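**Q** The opening residue of the sequence shown carries number 38 in the numbering used here; numbering runs sequentially from there.
Just so you know, even glycine gets a beta-carbon here, dropped at the ideal spot from N, CA and C.
These numbers were taken from a predicted model, which means no experiment stands behind them.
Dropping a structure here in structure tokens format, bear with me for questions.
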Amino acid sequence: MLLRNVLKLARAYGAFTAGQAAYVLEIPLQKAVETLERMVSNGLLSAVDIAGVRFYYRDPVEAAEAILGSVDLSALPYEERTKLSRL
């Protein structure tokens, strides 16, 4: 049941953190981290660390859209803005 709910979460959010998963799934944070990392190890999810925050996802395009959609490009330094605008 938890596996199915995590996969639904990945589909709904595109990319999410362990904290978001714990909140939405109403489970302790440590259990969310353990479950998500096991899913990454088994190839059911992928993960990427961005600025010290670990994001979990299934589809890299949806994940990129979700993550980049949450970034205020005008607040980034010119070099980073340029790199992101090329994606």
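What's the gap between the Cα of R91 and the Cα of F53?
**A** So the two alpha carbons sit approximately 8 angstroms from each other.
**Q** Which word fits A47, buried or exposed, when buried means at least 16 other C-beta atoms lie within 10 angstroms of its C-beta?
**A** Buried, by the Cβ-count rule.
**Q** Looking at the unbroken beta strand (DSSP E) that takes in V108, where does it start and where does it end?
**A** Here V108 belongs to no beta strand (DSSP E), and DSSP marks it neither H nor E.
**Q** Quick test of the definition: if touching needs 3 or more C-beta pairs under 8 angstroms, does the stretch 70-83 touch the stretch 105-113?
**A** No: the two stretches stay apart, fewer than three of their Cβ pairs being nearer than 8 angstroms.
**Q** Report the residue from R118, V43 and G106 whose alpha carbon sits nearest the alpha carbon of G83.
**A** Residue identity differs from the one stated: residue 83 is Ser in this sequence, not Gly. Selected option, being the one with the closest Cα: V43.
**Q** Out of curiosity, what's the CA-to-CA distance linking L40 and G56?
**A** Going by the C-alpha atoms only, they are around 16 angstroms apart.
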